[in-house]
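Contents: one structure, followed by commentary.
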Amino acid sequence: MKDKIKLYLIGFITGIFNGLFGSGGGTVLVPSMTHFLKTEQHKAHATAIAVILPLSIISSLLYVNKGYVDWNLTLKVVIANMIGGYIGSKILNKFTDGTLKLIFGIFMIAAAIRMVFFK
Amino acid sequence: MIIYLISLISGIISGMGIGGGTILIPGLIIFLNVKQQIAQSVNLLIFVPTGIIALYSHIKQGNIEKESLSILIIFGIIGSIIGSFIAIFINSNLLRKLFGIFLFLMGAYEIYCSIISKKNKKNSLCKDETKIP
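As given, the protein sequences belong to chains A and B, one line each in that order.
Each residue of the first sequence is one higher than the last, beginning at 1 in UniProt numbering.
Each residue of the second sequence is one higher than the last, beginning at 1 in UniProt numbering.
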């Protein structure tokens, strides 16, 4: 029963973040599954994709329906993003010491400060 | 050109399991002046083809945790409808600031996990990208 409540909450919070910010669903779901549900890492990652895919489709429909869409921009991003995704999965094992996480963590914080305090 | 560069980098990052949206959304907003909601919709839409391909390979490998899947999806959908409605109806400057706070927390989380992994410690809250296929 307790585990069920955890599942309801984790699912709900993942959905809120993914819908509200258009991202971050996986960042919330994967650590929540491994930490609170004791799911194995690779299973948590695979399951997260199966969960976030329908959530993203529904959120996309709501955004598109309201006119928040730029198809031309989206198409350009899709192509380059998929090529990048392929490269990323191939070089994954070359960066395991956390240096990349550190670099991107610093980048995210810098971008965050800019987005909060500057136009 | 900058669009392709930002997208390529965010794709590489998401392929490595860090979460490409955290790079793509601020990249589009800071360098291309895209409205917050539009940048978010781009990220949601691009996940659909990428997600389908990734999901197909995970199903084939049998990595999906089936017991918890349906509850996570049902409650996730409820959350995503509420979240999307808030995003659609609030002012884009306010949404950008809220996203900034969320991005700050995610950045702090990545830095925390990088320190954990440099010390060769294990922490169940941190993603271990070596195990992600």
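Backbone N, C-alpha and C fix where the C-beta goes; we use that ideal spot for every residue, glycine too.
List the residues of chain A that B:F31 touches, going by C-beta distances under 9 Å, in chain order.
Here the premise fails: no neighbours, minimum Cβ distance about 10 Å.
So, A:T39 versus B:G76, is the Cβ gap smaller than 8 Å?
no
Taking A:V77 as part of the alpha helix (DSSP H), name the residues at either end of that continuous run.
71-91
Using only CA atoms, which one of B:M16, B:L5, B:I2, B:Y4 lies nearest to A:I87?
B:M16
Between the C-alpha atoms of B:T22 and A:K2, what's the straight-line distance to the nearest angstrom?
32 Å
Within chain B, the residues that A:I83 reaches when beta carbons sit closer than 7 Å
L8, G11
Reduced DSSP category for B:I23 - H, G, I as helix; E, B as strand; rest coil
helix
Tell me whether the beta-carbon of A:G105 lies closer than 8 Å to the beta-carbon of B:T50.
no
Report yes or no: do three or more beta-carbon pairs, one from the region 58-65 of chain A and one from the region 39-48 of chain B, lie closer than 8 Å?
yes
Please confirm whether A:G19 and B:G83 have their CB atoms less than 8 Å apart.
yes
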